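Have a look at the structure below before the remarks.
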Amino acid sequence: MTARRDIDHLIATWLTEIAPEGHVDYLDATLDAIGEIGQRPPWTSVGRWLPMQLPLGRVVLPRVAPYLAVLTLVLILAIAAVVITGGRNRLPAPFGLAETGLVAYVSDGDIFVTTADGLGRRRLVSGPGAEWSPIWSHRGDRIAYWAAPALGDPASLWLADRDGSTANLLTGTQTFVVPDQLPAVSWSPDDRRLAFTSDEGVLYLVGADGRDLHPIGDDSHERHDAVWSPDGTLLAYRGRPHADRYTTMSSWVITPDGRTDIEVIAAKGGQEITNVNPSWSPDGTSFLVHTGMFDIDISEGRRDATGAWSDRVLIGGPTQDFHPSWSNAGTKFSYIELVPGTNPEEFVLMTANADGSNAKQVSTVRVGFAAQCWSPDDRSIRAVGPSRIDPAILLIPVDGSPVVEIPEPGQVSRGACAMQRVAH
Amino acid sequence: MDRDLVVKARGGDRDAFARLAAAAVTSLDVVARMIMRDPERDKDAVQEALARAWRDLPTLRDPDRFDAWLRRVLVRACMDEFRRSRSRIIEVELTELDHPQVIDSSLALADRDALERAFRRLDSSQRSLIVLHYYLDLPLVEVADALALPVGTAKSRLFRARETLRAALEADARDVVEIAGGQPA
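Here it is in structure tokens:
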């Protein structure tokens, strides 16, 4: 009977029998078409965007000297954070320090948390399958994450309390194919709703209570990597035409009701990984992305008092600049710049004034290809180390003080540290 | 695979890339046809894969990994093409390629049809897993690499795809028994 036969042999035999004769008559035409296409610089590899999968379960304890330095820094910044969060000048969401002060990360299919010094590592969420993309709410009292039988399977969005308890399913019976790299969710500033985009490029909103799950926007193009503006009136995202053969990306903003959808920064052709992970200014009038293909620039989309959008290049020229990140005060932004001739490519951390002037290197320390985030008092910037073998978090003071290196346990999150509310 | 050609192509040498493409395109086409099961879409996927390969070749760090890398690019292109066409109504053209005349088949006609129908119900990821593992005979580690999946995920997805095909064969066998004997097996 068929059921008892060797299924593996049957499949292999069937495939061998249906294998077509190899005859290709379109190679010349294909090569002619390719003649119109340029090559990408090596540092634009998509792989550099993905969180690194390390051998998991390794707990790295900090060395003594950095540990003491971190403790001191943590104490100082904790005091500063209390002053900031308790005073009149409390930073508006989504900026500022989460109440938990914890960094969430994925290890071995579960979600762990640790303090920024790498201590207190503990498992927060564990399930039979895979959980990934943990994103704290702005208040830090809840954490959203995706779960599926296995990484890459259609997934469900869950929401748990800060201690991992009371996990609620937000997406009901619906499942979605979502990125397994961060960020895969963005909280609204009031923590009442969440936005996410599916692999097919559909932008969804869902209430934090699990109600009113619905897509927004028409079917004119794909939407990816949506990020709420600080005032909650817009979501910035990376747009991509359905029919685009070369995955050209542009920056868009859309209102949460989906009625207004505006292309702010047009694609410049052929970019696959630009216009991603937009960084909103604290006042919500501007967002930054990196754009271009060969000479990567830092571009700004800005809206005026009438709501009209315009865009301009803030950091141009022959350098290759990536991952802009607004400071909490909105007076400066940081980014990373490729060091020419390095292989593997390395980067240095730069800052500039809000208008792009006074661009300068913050430290001679090399950093890795990843987004940065500023400490709540804007005195230091969190970057990642350049090594993919021994990943580390780097706390780089903007005043030139010594850099603190924290070996990072588990998995490096290179794409969305601003979402992680990294506590210093 | 000629390592020197890969290095030259990576450095922007179009002639070198053309030679690499000429050497690889037949096998790419065969794999794409088996995954897509549609002659027009498989051609689009191969062309897209070659265009991406040329564009992204400078990002390939290890020239010795060219073959595996190209396979990964192809699978990705197939899956994208599959996804793009998913919302369209596809009128499948049953050509010679889809149903070749197998004279000395070791499979029963019913088994072939059952496998074909079940295979078409698989998603692009599962089809890719089946073709890479059972036709190209790649080990699971390389299959996972081609699909950019963790090995465990690739293993579980392959298991499910295999079970789908097995269930189709079993259902087909039950139908045959019912028709022949008037009673379920």
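Residue numbers (the numbering used here), protein chains in the order written: chain A, 1 to 424; chain B, 1 to 185.
We put the beta carbon where it would ideally sit given N, CA and C, even for glycine.
Since the structure is predicted, the reported quantities are computational estimates derived from the model, not experimental observations.
Could you give the distance in angstroms between the alpha-carbon of residue i and the alpha-carbon of residue j?
i: A:Val348; j: A:Pro340; result: 11 Å
i: A:Gly258; j: A:Arg193; result: 15 Å
i: A:Asp6; j: B:Ser156; result: 19 Å
i: B:Asp4; j: B:Leu20; result: 10 Å
i: B:Leu257; j: A:Pro149; result: Beyond the ends of chain B as shown, which are 1 and 185, falls residue 257 of chain B; an answer cannot be given.
i: B:Leu158; j: B:Arg52; result: 26 Å
i: B:Arg10; j: A:Lys268; result: 23 Å
i: A:Asp225; j: A:Ala208; result: 19 Å
i: A:Thr331; j: A:Thr351; result: 10 Å
i: A:Ser325; j: A:Gly140; result: 21 Å
i: A:Thr233; j: A:Ala12; result: 55 Å
i: A:Asp32; j: A:Phe333; result: 43 Å
i: A:Ala160; j: A:Trp146; result: 11 Å
i: B:Arg120; j: B:Asp113; result: 11 Å
i: B:Asp44; j: B:Ala23; result: 18 Å
i: B:Phe17; j: B:Arg37; result: 27 Å
i: A:Ala167; j: B:Asp29; result: 47 Å
i: A:Pro215; j: A:Val253; result: 15 Å
i: A:Glu17; j: B:Leu136; result: 13 Å
i: B:Ala32; j: B:Arg160; result: 21 Å
i: A:Val276; j: A:Asp8; result: 43 Å
i: A:Ala329; j: A:Gly400; result: 19 Å
i: B:Thr218; j: B:His133; result: Past the boundaries of the shown model lies residue 218 of chain B; chain B is included only from 1 to 185, so the question cannot be answered.
i: A:Gln39; j: B:Glu81; result: 22 Å
i: A:Thr319; j: A:Ile396; result: 22 Å
i: A:Trp132; j: B:Gly152; result: 15 Å
i: A:Gly172; j: A:Leu213; result: 9 Å
i: B:Arg111; j: B:Met34; result: According to the sequence shown, residue 111 of chain B is Asp rather than Arg. Using only the alpha carbons, I get a separation of about 17 Å.
i: A:Pro189; j: A:Ala195; result: 11 Å
i: A:His323; j: A:Ala371; result: 5 Å
i: A:Asp261; j: A:Cys373; result: 28 Å
Using the rule of at least 16 other Cβ atoms within 10 Å of the residue's Cβ for burial, across every protein chain shown, is residue i buried or exposed?
i: A:Thr364; result: exposed
i: B:Arg141; result: The question names Arg, yet the displayed sequence has Val at residue 141 of chain B. Answer is exposed; the Cβ neighbour count stays below 16.
i: A:Asn353; result: exposed
i: A:Thr274; result: buried
i: A:Lys360; result: exposed
i: A:Arg162; result: buried
i: A:Ala98; result: Here A:Ala98 scores only 46 on pLDDT, less than 50, and its place in the model is too uncertain to base an answer on.
i: B:Glu48; result: buried
i: A:Leu169; result: exposed
i: A:Asn358; result: exposed
i: A:Val405; result: The sequence given here places Glu at residue 405 of chain A; Val does not occur at that position. When all chains shown are included, A:Glu405 counts as buried.
i: B:Asp64; result: exposed
i: A:Pro128; result: exposed
i: A:Val250; result: This sequence places Ser at residue 250 of chain A; Val is not what is there. It counts as buried.
i: A:Glu21; result: exposed
i: A:His23; result: exposed
i: A:His138; result: buried
i: A:Arg305; result: The question names Arg, but residue 305 of chain A in the sequence shown is Ala. With fewer than 16 Cβ atoms within 10 Å of its Cβ, A:Ala305 is classed as exposed.
i: A:Thr342; result: exposed
i: A:Asp297; result: buried
i: A:His242; result: exposed
i: A:Ala29; result: exposed
i: A:Ile135; result: buried
i: A:Met419; result: Confidence is the limiting factor: at A:Met419 the pLDDT is only 38, short of 50, which leaves the residue's position unreliable, though a coordinate-based value still follows. Its Cβ being crowded by 16 or more others within 10 Å, A:Met419 is buried.
i: A:Ser126; result: exposed
i: A:Pro282; result: buried
If residue i and residue j are in contact, beta carbons under 8 Å, what's the gap, nearest whole angstrom?
i: A:Tyr335; j: A:Asp321; result: 5 Å
i: B:Val131; j: B:Phe66; result: With 8 Å as the limit, B:Val131 and B:Phe66 do not qualify as a contact, their Cβ atoms being about 20 Å apart.
i: B:Ala68; j: B:Ala146; result: 7 Å
i: A:Thr197; j: A:Tyr237; result: 7 Å
i: A:Gly284; j: A:Asp231; result: 4 Å
i: A:Ala144; j: A:Val185; result: 5 Å
i: A:Ile265; j: A:Val289; result: 7 Å
i: A:Val367; j: A:Leu394; result: 6 Å
i: A:Gly164; j: A:Ala130; result: Their Cβ separation, rounded to whole angstroms, is 16 Å, which puts A:Gly164 and A:Ala130 out of contact at 8 Å.
i: B:Ala168; j: B:Leu129; result: Contact doesn't hold; Cβ gap of about 16 Å is too wide.
i: A:Glu222; j: A:Arg240; result: 4 Å
Under 8 Å between beta-carbons, which chain C residues line up against residue i? List them in chain order, please.
i: A:Ile11; result: Included in the structure are the protein chains A and B, with no chain C among them.
Counting beta carbon pairs with one atom in the region 165-176 of chain A and one in the region 188-204 of chain A, are three or more of them shorter than 8 Å? yes
Just to confirm the assignment: which complete beta strand (DSSP E) runs, minimum length 3, are found wholly within the region 191-256 of chain A? Complete beta strand (DSSP E) runs here, min 3: 193-197, 203-207, 214-216, 221-228, 235-241, 250-254.
Which runs of the beta strand (DSSP E) fall wholly inside the region 260-341 of chain A and span at least 3 residues, in chain order? 261-265, 286-291, 297-303, 309-315, 321-326, 332-338
What residue ranges within the region 15-75 of chain B form continuous alpha helix (DSSP H) runs of no fewer than 4 residues, ordered along the chain? 39-56
Which residue spans inside the region 102-164 of chain A form an unbroken alpha helix (DSSP H) run of at least 4? none
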